[in-house]
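Presented below is the structure to which this report refers.
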Amino acid sequence: MTLYFLIKYLHVLGAIVILGTGAGIAFFMLMAHRTQDAEFIARTASVVVIADAIFTFSAVIMQPVSGGLLMMLSATSITERWLLAALALYVVAGLFWIPVVLMQIEMRDLARKAADQRTALPPRYFVLFRRWFAFGFPGFGATMLILWLMIAKPF
Numbered sequence: 001m002t003l004y005f006l007i008k009y010l011h012v013l014g015a016i017v018i019l020g021t022g023a024g025i026a027f028f029m030l031m032a033h034r035t036q037d038a039e040f041i042a043r044t045a046s047v048v049v050i051a052d053a054i055f056t057f058s059a060v061i062m063q064p065v066s067g068g069l070l071m072m073l074s075a076t077s078i079t080e081r082w083l084l085a086a087l088a089l090y091v092v093a094g095l096f097w098i099p100v101v102l103m104q105i106e107m108r109d110l111a112r113k114a115a116d117q118r119t120a121l122p123p124r125y126f127v128l129f130r131r132w133f134a135f136g137f138p139g140f141g142a143t144m145l146i147l148w149l150m151i152a153k154p155f
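For the sequence shown, full-length UniProt numbering begins at 1 and goes up steadily by one.
If you want it as C-alpha cells, here you go:
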C-alpha cells in the first residue's frame, strides 16, 4: 500500500465518520425528542454531545489535513473547480455544525434541569430543537454534496 492510498483511506474513513455520526446523532436526538421525556432526552443528548466531541470533531480536523496531503501527493491544484466547491461546502457545513453542537449542549442542559425539577421541558428547548432540526438539512446536505464532489469530480 502506498502512502497516497493510506492517506486516501483515512480521508474516506473521515468522511464516513462525519456522515455516520451525523446521521446517528440526528436519529437518536429525534427519537428522544419524540418521547417528550426530559430525563431520556437529557441522557441521550449527553451521549450525543460526547459523540460529537470525540468522533465528529476528530474527523472534521482530519479531513482538511488528509485532503491537503492528498492534494500534495497527487499534484492536484487548489484551483480545481470541484475542489473549490467542496471547500466552500465544507465551510457551509461548519457554519451549521458549530451552532448545532452548541444547541445540543443547551438542549441537554435544559432537559437535565427539567428532569431534576420534575417539570415539563421549557419552551426554549422546543425553539432550540426546531432550529437544530432545520440546521441539520443544510449541514448534512453540504457533507453529502462534498462526498459526491470528491467521487465524481464533475468539473
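Note that the Cβ used here is the ideal one computed from N, Cα and C, for glycine as well. This structure is a prediction, so every number in the text was calculated from the model and none was measured.
### Query
From which residue to which residue does the alpha helix (DSSP H) around F126 run?
123-152
### Task
Assign M72 to one of two classes, buried (16 or more other C-beta atoms within 10 Å of its C-beta) or exposed (fewer than that).
exposed
### Query
CA-CA distance, F140 and I25?
11 Å
### Query
Do you know whose CA, among T143, I41, T35, R34, lies nearest A88's CA?
T143
### Backbone CA spacing between F28 and I41 [nearest angstrom]
9 Å
### Task
Could you tell me the boundaries of the alpha helix (DSSP H) in which F40 lies?
38-51
### Query
For A75, which of helix, strand or coil comes out of DSSP?
coil
### Task
Could you tell me whether the segment 108-123 touches the segment 58-75, using the rule of 3 or more Cβ pairs below 8 Å?
no
### Query
Looking at C-alpha atoms only, which residue of F135, E39, G20 is the closest neighbour of A51?
G20
### Message
Do I105 and V49 have their beta-carbon atoms positioned less than 8 Å apart in this structure?
### Response
yes
### Nearest to F57 (by Cα), restricted to the options A15, L128, L70
A15
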